[in-house]
Structure formats: structure tokens, C-alpha cells
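Written out below as C-alpha cells is the structure these notes cover.
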Amino acid sequence: MTDIKIKVRNTRPEDIPELIALQARVYPGIPPWSRRKLREQLEVFPQGQIVAEGENGLVGCASSLIVLWDDWSESHSWKEITGAGTFDNHNPLGRTLYGAEVFVDPNLQGQGIGHFLYEGRRKLCRAMNLKRIIACGRLPGYRAYAHDMSAEFYAQKVVWGDLVDPVLSFQIKEGFSYCGVIENYIPEDLDSHGYASLIVWLNPEYHPERPVTIPEHIAL
Ligand SMILES: CC(C)(COP(=O)(O)OP(=O)(O)OC[C@H]1O[C@@H](n2cnc3c(N)ncnc32)[C@H](O)[C@@H]1OP(=O)(O)O)[C@@H](O)C(=O)NCCC(=O)NCCS
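For the sequence shown, our numbering assigns the number 1 to the initial residue and increments by one for each residue that follows.
Right, here's the structure in full:
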């Protein structure tokens, strides 16, 4: 666990430039989100956008939208389900919190910040009475094994504990269940060969007879 004091809170419009700079450091080969897309995400679903803040600024981010999962469960890419990062598919009638992105400062990974962000997401899910969190996680460790095995077998080996993936191993530690692999999720993600693992966390406090509530402020 990190010695730095970390606060998890909702993202604010003034965080946008810092968030873009952080994302550019996390994924040097992929263009970061534009200011416009981040503003749109905040307009569409402000409660779903969270950051981790340390003493010297932002150190991580987790972005989510609500979806009607039946519309997407058969197949989808990251671009399709997130409206190319605008979150214009956000649907407050849905019961599934969809994790669109999570990242931590490369210098601070492995120190518990991702855990705090995932805990923030679980708090959102419980506070809104959503049924579950679903995400499709990159499989950045697959590149080293792609010549030897299928992405599905690689992911199974990670679930069995025989291989370690920087993202899927983290998500399993966070209590998510692995549901399979999807292809062409982010074709530009060369480390994952475009594959992603579909994962789910079920909200143990979900009440199907109660409505989804989206409070203006959620204590994170
Ligand atoms: C994936 C990511 C968000 C995880 O955040 P993090 O701050 O590094 O993770 P944490 O330190 O909170 O780890 C939480 C748990 O997962 C485990 N974990 C984290 N990274 C791991 C890894 N590479 N291998 C195995 N386990 C790992 C930790 O050991 C910890 O378990 P513990 O509590 O039993 O010690 C972060 O590494 C990251 O930003 N990666 C690059 C961006 C990315 O690919 N994001 C995923 C998009 S789908």
C-alpha cells in the first residue's frame, strides 16, 4: 500500500488538462482523450467519473457509464459501447455500470491506488442500486504468449494462477469474475492483440424491486 495520502472523488472540469497529461504518460503509444470528450463524459454522467488525487495532484482515474447490457452483451467494441469515448450510450434506465477506463500513474502502480478506484466504483454501484459492474479489460501480457496460445487459453491460465497479466490479475484480485475473451475490442491495443477479457462483479446489495437512483452526490 502507498504511503501517499490518496483521496478518491468525482472528476471536475478543471481536472481535464491534468487527466489528459496523465493518460498520455500511461499509454504513450495511444492518443489521450480530447478535452471535448472528457467534458462530454462529465456532462453525460458526472457521478460515474472518478479520480484518485495524491498530495501532488491526480494519480489515477476510473470512468464509467450505465448501459442496458442486453443491447451489448452479444458483441461490442470499446468504441461502440462508449460512443467513441463520448459516453453518449449512457442510459440511466440500465442496471449495469460499465467500466470504460481505469488507469494509475505509471510511477505509482502496484501501490493500492487501483484498488481505491475500484472501491470507488463499487460504492457507486451500491449507492445507485445497480445490479453489477461489467468491464472489458485489456490483456497486455498476452503479446509475449501470442505465438504459443490463443488469447482465451492465456486468460484461462491467468485465472488458474499459472500466468500473471498486469490487468486481469489485478481485476481478479478485486473480486471480478472472468466471463471469456472478446476480440477486436481495441484493435489499436497491440500488447493485447486487440483482445479483452469480459469481467463482472455482482453487487451483493442489489434490490431488483427498488429503482436505480442516481444521487447528485455519492460519498466515495
Ligand atoms: C491496472 C491498474 C489500473 C491497476 O492499478 P494498481 O494501482 O497498479 O493496482 P493495485 O496496486 O491497487 O493492486 C490491487 C491488487 O491487484 C494486484 N495487482 C496489481 N497489479 C498486478 C499485477 N500486475 N500482477 C498481479 N497482481 C497485481 C495487487 O497485488 C493488489 O493485490 P493485493 O491487495 O492482494 O496486494 C494499473 O496497473 C494501470 O494503470 N495499468 C495501466 C493502464 C491499464 O492498462 N488499465 C486497464 C484498462 S482495461
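Where a beta carbon is used, it is the ideal one built from N, C-alpha and C, also for glycine. On a predicted model such as this, the values are computed, not experimentally measured, just so you know.
- For E18, the enclosing alpha helix (DSSP H) stretches over residues 16–26.
- Between L139 and I218, the alpha-carbon positions lie close to 31 Å from each other.
- Around the beta carbon of V59, 16 or more other beta carbons sit within 10 angstroms, so the residue counts as buried.
- In the three-state DSSP reduction, K5 falls in the coil class, being neither helix nor strand.
- CA-CA distance, H90 to E55, rounds to 32 Å.
- For K157, the distance from the CB to the nearest heavy atom of ligand 1 is not below 7 Å.
- Here the C-alpha atom of G57 lies approximately 11 Å from the C-alpha atom of D105.
- In the three-state scheme derived from DSSP, where H, G and I count as helix and E and B as strand, F103 is classed as strand.
- At least one heavy atom of ligand 1 is found less than 7 Å from the C-beta of H115.
- Taking C-beta atoms as the reference points, S77 and Y142 fail to come closer than 8 Å.
- Counting C-beta atoms within 10 angstroms of its own C-beta, C125 has 16 or more neighbours from the protein chains shown and is therefore classed as buried.
- With fewer than 16 other Cβ atoms from the protein chains shown falling within 10 Å of its own Cβ, R25 counts as exposed.
- Residue pairing of Y178 in beta bridges, as defined by DSSP: I199.
- According to the DSSP assignment, Q41 belongs to the alpha helix (DSSP H) that extends over 35–44.
- Minimum Cα-Cα distance from T213 among the listed residues T86, S73, R39, A127 corresponds to A127.
- Here G137 is bridged, per DSSP, to S197.
- The criterion of a C-beta distance shorter than 8 Å is satisfied by L97 and L130.
- Closer than 7 Å to some heavy atom of ligand 1: that describes the Cβ of S169.
- When the beta-carbon positions are compared, G99 and A151 stay at least 8 Å from each other.
- Apart from the 5 residues on each side of it in sequence, I20 sits with its Cβ closer than 6 Å to the Cβ of P32 in its chain, given in chain order.
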